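Asks: One structure is given below, represented as structure tokens, and several questions about it will come after.
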Amino acid sequence: MGRVKLTFDNVRLRNKMLVVYILSVFVPIVFTNIVFYHVTIDNVREQRMQDISRAIEQIRQEFRVEIEDTVSISGVFYTDLLLNEILEADYASPIEYIEAYDYYLRRVLNSYAPVYHSVQAITVYVDNPTMLHSGGIGYISEDVRNAEWYRVVAEAKYSAPVFMRTETGGVKDTFSIVRKMDFVDGQNEREKILKIDLRTSALRQIFSNLNLQGNMYLVNENGAIEFTTDPTIDWMREERNFSELTLPEGTLTLESGTENEYAAYLNGWRIVGTISEDEVLKEVRKSREFIILLASINMVIPTLIIVWFTKSLSDRLAQILKHMKKVKNQQYDTIDRADSRDEIGQLTSEFNRMTLQVKSLIQDVYLADLQKKEHELQTRYAQLNALQSQINPHFLFNSLETIRMRSLIKQETETAKIIQNMAKIFRNSLAWRKDTVTIREEMEFINCFLEIQKYRFGDKLDYRLQVDESAYDCQVPKMAFLPFVENASIHGVEPLKGNGRIELEIGRTADALLFTLRDNGVGMDEEKIRRLHGYLESEEEMGDRIGVQNVIYRLKLYYGDRFRLRFESEPGRGTIVRIELPLQGDAPPST
């Protein structure tokens, strides 16, 4: 096998320059920018995700600090011996209790709220009926015992603090640290429970991190949502599990646990942040726009240079080619602006010189020879006219009329009628003074032809003509239908061994003439039908063709593609020809 040689000799100059541009400029720039884009996008995305993770971690830390501060306060109360003694004491009168309250309880219960802004209220619930239940001291009543926070603490085996959401006025909108006060052995005759309520506004401020444009969820160890910044969830009144949420498509979820080795009360709790992927990719899109702009600049400038350079070459070459085609059509124009000094300029100068030489040769040699041949052609044409003038068509008409009269004298009326029909057809075919005739005139031709054929075949041929009265005065091209009748008689019926029949129907609709011709002749195969239909699509000129092909060519000249012609036939089953011609404004004008 020979080696295949890669060549660009057959490639146009513009296409060559396009290939050079694509392989040397476009592809490297696109590839480089795609790689740069993906690397930049990955870096920006990773940096954004780290920022979001740090924001969630900051929320976790702030939340943990607030809870631990509150737990520390509860520890102070839990280990305060004097506080336990006051709570355990029996007071003979309210005055005695007030003295004890003013001495110590007022200072202890009211000293933490101003320091810790997240603490809303501190209440010690005790079952000591001798104390006045106000100013941070509450009585463990039946309503308190029915509260959820009380049941959780009462059922606990240890006095460790419990972090939970508590109810205020029928709405669970407060977070509290609750624990038993049973630290001092031997002084636990009375039930004492400490409840420290946190400010919800402080919690909301912690979770409203400006660096995180999304929703935050505080989820307990069971997966229930205890607090959220999601405005679509009423966390104070409804119980929702985070796993049951239907997050929008493209939402990213990040979470951070709040448990640590000291805070058993937060074990299993976690902070979950959700953010739209569009928010994460906002910075990515900014980088993408910059990369696209940079890539566009890198591609537009080289493209303009290549276009400008190739235009200098291709336009001048196209101009030379255009003038070469003019020379082919015998237009010997020279090219202007042939003063450039490169190879194309030299080619233009040589073309102008060659064109002038060709023009001079044609004027000196070709035109002289053409005049000589034209003289010879006119001489031959004159000789032909002289020869044709010797055969006078009137001589033929007179001869046919003489034969018809002799036939009448001999009482051969049938022969005379046939001769008369032949004379009509011959006279009308030669006297082509107009291009269109009425249906009535066309039917006269057809009737004359069929009578002649009837005379030839005798009883072997039978025909029926049916024309709508409203169609008789409609104009059609001369002999538009007769060749089809002739084909049906000569090629369809004549080869039959039995009797033949031809049926012709011409009808009219609101905007068309309908011509239908049927015969029971030998029919046509599919190949011949396909060839006849092919004449409708052919753009060839008529030339010396006759018959059906001639009619189709003339109908296309008159009507363009506004007429319809179909052949239906099978071998041995006869043929049907259907023609539909437009009427009124679409009809051909009479000349």
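Residue 87 is where the sequence shown starts when you use my numbering, and the numbers rise one by one after that.
Glycine included, C-beta positions come from ideal geometry on N, C-alpha and C.
This one's a predicted model, so the numbers in the text were calculated from it and none came from an experiment.
Looking at residue 571: is its Cβ nearer than 7 Å to the Cβ of residue 605?
Replies: Contact flag unset, no.
Asks: Going by the DSSP bridge assignment, what does residue 362 pair with across the sheet?
Replies: Beta-bridge pairing links residue 362 to 337.
Asks: Return the chain-ordered list of same chain residues with a C-beta closer than 6 Å to the C-beta of residue 384, the five sequence neighbours on each side being excluded.
Replies: Cβ neighbours of residue 384 beyond the five flanking positions: 115.
Asks: What does the alpha-carbon distance come out to for the pair residue 98 and residue 403?
Replies: If I take the Cα positions, the gap works out to 11 Å.
Asks: Checking the sheet assignment: what are the DSSP bridge partners for residue 357?
Replies: Residue 357 is bridged to 304 and 342.
Asks: Measure the CB-CB distance between residue 356 and residue 305 and report whether it falls below 7 Å.
Replies: In this structure, residue 305 lies closer than 7 Å to residue 356 by Cβ.
Asks: Thinking C-beta only, is residue 212 closer than 7 Å to residue 276?
Replies: Taking 7 Å as the Cβ cut-off, residue 276 and residue 212 qualify as a contacting pair.
Asks: Starting from residue 283, trace the beta strand (DSSP E) in both directions and tell me its first and last residue.
Replies: Note, residue 283: beta strand (DSSP E), 278-284.
Asks: Do you know how far the Cα of residue 258 is from the Cα of residue 284?
Replies: If I take the Cα positions, the gap works out to 13 Å.
Asks: For the candidate residues 614, 639 and 667, whose alpha-carbon lies nearest to that of residue 654?
Replies: It is 614.
Asks: Quick one: Cα of residue 581 to Cα of residue 526, how far?
Replies: Distance between the alpha carbons of residue 581 and residue 526: 30 Å.
Asks: Below 8 Å on the Cβ atoms is my guess for residue 609 versus residue 524; work out the distance and round it to an integer in Å.
Replies: In fact, because the Cβ distance is near 32 Å, the residues do not count as touching under 8 Å.
Asks: Have a look at residue 649 and residue 619 and give me their C-alpha separation to the nearest angstrom.
Replies: Approximately 13 Å, taken between the alpha carbons.
Asks: Kindly indicate which three-state DSSP category residue 655 falls into: helix, strand or coil?
Replies: The answer is strand: DSSP assigns residue 655 an E or B state.
Asks: Could you tell me which whole beta strand (DSSP E) segments of length 3 or greater appear in the segment 370-440?
Replies: With a minimum length of 3 residues, no continuous beta strand (DSSP E) run stays inside the segment 370-440.
Asks: Between 587, 392 and 231, which has its C-alpha nearest residue 108's C-alpha?
Replies: Measuring from the Cα of residue 108, the nearest candidate turns out to be 392.
Asks: Would you kindly report the start and end of the unbroken beta strand (DSSP E) that includes residue 250?
Replies: Its beta strand (DSSP E) spans residues 248-254.
Asks: In angstroms, rounded to a whole number, what distance separates the CA positions of residue 467 and residue 411?
Replies: Because the pLDDT of residue 467 is 49, which lies under 50, any placement of that residue in the model is unreliable, and the question is left without a value.
Asks: Compute the Euclidean distance between the alpha carbons of residue 307 and residue 117, then round it to the nearest angstrom.
Replies: Approximately 50 Å between the Cα atoms of the pair.
Asks: If distances are taken between C-alpha atoms only, which option among 126, 432, 563 and 586 comes closest to residue 540?
Replies: Measuring from the Cα of residue 540, the nearest candidate turns out to be 586.
Asks: Below 8 Å on the Cβ atoms is my contact criterion, and I expect residue 555 with residue 600 to pass it. Report the Cβ-Cβ distance as a whole number of Å.
Replies: Not really, about 14 Å apart at Cβ, beyond 8 Å.
Asks: Applying the 10 Å Cβ sphere with the 16-neighbour rule, what's the burial state of residue 204?
Replies: Buried.
Asks: Examine the Cβ distances between the segment 526-535 and the segment 560-577 and report whether three or more of them are shorter than 8 Å.
Replies: Contact between the segment 526-535 and the segment 560-577 is present, because at least three Cβ pairs lie under 8 Å.
Asks: I'd like to check one pair, residue 262 with residue 243: are the Cβ atoms closer than 7 Å?
Replies: The answer is no: Cβ separation not under 7 Å.
Asks: Might you give, ordered along the chain, the residues of its own chain that have their beta carbon closer than 6 Å to the beta carbon of residue 152, omitting 5 neighbours on each side?
Replies: 204, listed in sequence order.
Asks: Straight-line CA distance for residue 469 to residue 591?
Replies: Unreliable positioning characterises residue 469 in this predicted model, as indicated by a pLDDT of 41, which lies under 50. The coordinate reading is nonetheless provided below. Approximately 47 Å, taken between the alpha carbons.
Asks: With a CB to CB cut of under 8 Å and the five nearest residues on each side skipped, what residues in its chain are close to residue 230?
Replies: Hits under 8 Å: 211, 224 and 236.
Asks: In angstroms, rounded to a whole number, what distance separates the CA positions of residue 334 and residue 292?
Replies: About 25 Å.
Asks: Can you tell me which of 179, 247 and 260 puts its alpha carbon nearest to the alpha carbon of residue 206?
Replies: When only C-alpha atoms are compared, the closest one is 260.
Asks: Within its chain, find whatever has a CB closer than 8 Å to the CB of residue 248; leave out the 5 residues flanking it on each side and keep chain order.
Replies: Cβ neighbours of residue 248 beyond the five flanking positions: 235, 238, 239, 242, 263, 264, 265 and 351.
Asks: Find out if the Cβ-Cβ distance for the pair residue 75, residue 542 is shorter than 7 Å.
Replies: Absent from the model: residue 75. The displayed extent of the chain is 87 to 677, so no value can be given.
Asks: At what residue ranges does the segment 555-617 contain a whole run of the alpha helix (DSSP H), taking only runs of 4 or more?
Replies: Here the runs fully enclosed are 568-573.
Asks: Using DSSP with H/G/I as helix, E/B as strand and the rest coil, what is residue 668?
Replies: In this structure, residue 668 counts as strand in the three-state DSSP scheme.
Asks: Ignoring anything shorter than 3 residues or poking outside the segment 160-230, list the beta strand (DSSP E) runs there in chain order.
Replies: Qualifying beta strand (DSSP E) stretches, in chain order: 205-212 and 223-225.
Asks: Tell me whether residue 549 sits in a helix, a strand or coil according to DSSP, three-state version.
Replies: Residue 549: strand per DSSP, three-state reduction.
Asks: Helix, strand or coil: which one does DSSP assign to residue 127?
Replies: Note: residue 127 maps to helix in three-state DSSP.
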